[in-house]
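J.:
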Amino acid sequence: MGNFVSSEFDNFSSSGSLGSSATYSSTQFQRRSGSATYNRTPLQRRGSATLRRSLISTQFPQTVSSATNSSSNNQNKTKECAVCCEDIVASDFLQITSGCKHPVTVCRGCVNRHVESHLTNKGSVIITCPTLGCTQQLEHHDVKRLTESEVFKRYDTFSLREALRAMPEFRWCKNARCGSGQIHYQQ
Numbered sequence: 001m002g003n004f005v006s007s008e009f010d011n012f013s014s015s016g017s018l019g020s021s022a023t024y025s026s027t028q029f030q031r032r033s034g035s036a037t038y039n040r041t042p043l044q045r046r047g048s049a050t051l052r053r054s055l056i057s058t059q060f061p062q063t064v065s066s067a068t069n070s071s072s073n074n075q076n077k078t079k080e081c082a083v084c085c086e087d088i089v090a091s092d093f094l095q096i097t098s099g100c101k102h103p104v105t106v107c108r109g110c111v112n113r114h115v116e117s118h119l120t121n122k123g124s125v126i127i128t129c130p131t132l133g134c135t136q137q138l139e140h141h142d143v144k145r146l147t148e149s150e151v152f153k154r155y156d157t158f159s160l161r162e163a164l165r166a167m168p169e170f171r172w173c174k175n176a177r178c179g180s181g182q183i184h185y186q187q
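Written as structure tokens, this is what we have:
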């Protein structure tokens, strides 16, 4: 049968048409026809992978569970993030603050986006835990531990400016292009 498929495939590639009796794999057809299968975005591939997993688990639950058990021994366990609803490696779920008493349900990436969004939208360094119902505030070391370096640099700059603003003796330079200031003591 392999010879039949390849000879019919060769006939197709040379003549551009294929007889009605020929059968060849969909993979060969996709490669030959330039199907969009190879040009999908990561989001489309992830969506189709999720769909395939749900279809397989619906149709063949015993096969999937045995495959899952063998693969879970080889890979890290995953959890679903309460914010992005993605399956994330369990090691990316870190305790957000030392005062949080709830289970960790938000992944590190979502905490990073939460801090970044808070800085961009509110311009404040008073940031609370993103877990629903938690009112614990993130401290400087929490933000440093949980965010990417660029987000932390912005947070650190905002924190410094807020601390300087709270000092009654501190004065910002009057030049708009200068980001410095100094402490003035009255005598």
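Take the sequence shown: its position 53, counted from the start at 1, is 53 in my numbering, and no numbers get skipped. The beta-carbon is built from N, C-alpha and C at its ideal position, and this holds for glycine as well.
1) Please name the residue in V143, D87 and S91 whose C-alpha comes closest to that of D156.
2) How long is the line joining the alpha carbons of L146 and Q95, rounded to whole angstroms?
3) Quick check on this structure: which residue in H140, F93 and K101 has the alpha carbon closest to the alpha carbon of V115?
4) On the DSSP letters alone, give me the boundaries of the alpha helix (DSSP H) that D142 sits inside.
5) Please go through the same chain and pick out, in chain order, the residues whose beta-carbon is closer than 6 Å to the beta-carbon of C173, but skip the five residues on each side of it.
6) Taking the alpha carbon of C110 as the point to measure from, which residue in Q137, E148 and E162 has its own alpha carbon closest?
7) Would F170 and L164 be called neighbours here (beta carbons separated by less than 8 Å)?
8) Quick one: grab the DSSP three-state call for F93.
9) Is V89 buried or exposed, if buried means 16 or more other CB atoms sit within 10 Å of its CB?
T.: In short:
1) If you number the sequence shown from 1, residue 156 lands on position 156. For the residues V143, D87 and S91, the minimum Cα distance to D156 belongs to V143.
2) The residue given as residue 146 occupies position 146 in the sequence shown. The residue given as residue 95 occupies position 95 in the sequence shown. Rounded to whole angstroms, L146 to Q95 spans 9 Å at the Cα level.
3) Within the sequence shown, numbered from 1, the residue matching residue 115 stands at position 115. Residue H140 holds the alpha-carbon nearest to the alpha-carbon of V115 among H140, F93 and K101.
4) Your numbering for residue 142 matches position 142 in the sequence shown. Counting along the chain, the alpha helix (DSSP H) containing D142 begins and ends at H140 to L146.
5) Residue mapping note: residue 173 aligns to position 173 of the sequence shown, counting from 1. Excluding residues within five positions, the ones whose Cβ falls inside 6 Å are S180 and G181.
6) Along the sequence shown, one-based indexing puts residue 110 at 110. Nearest option by C-alpha distance: E148.
7) On the sequence shown, residue 170 is found 170 positions in, with the first residue counted as 1. On the sequence shown, residue 164 is found 164 positions in, with the first residue counted as 1. Taking 8 Å as the Cβ cut-off, F170 and L164 qualify as a contacting pair.
8) Numbered from its first residue, the sequence shown carries residue 93 at position 93. In this structure, F93 counts as coil in the three-state DSSP scheme.
9) The residue given as residue 89 occupies position 89 in the sequence shown. Classification for V89: exposed.
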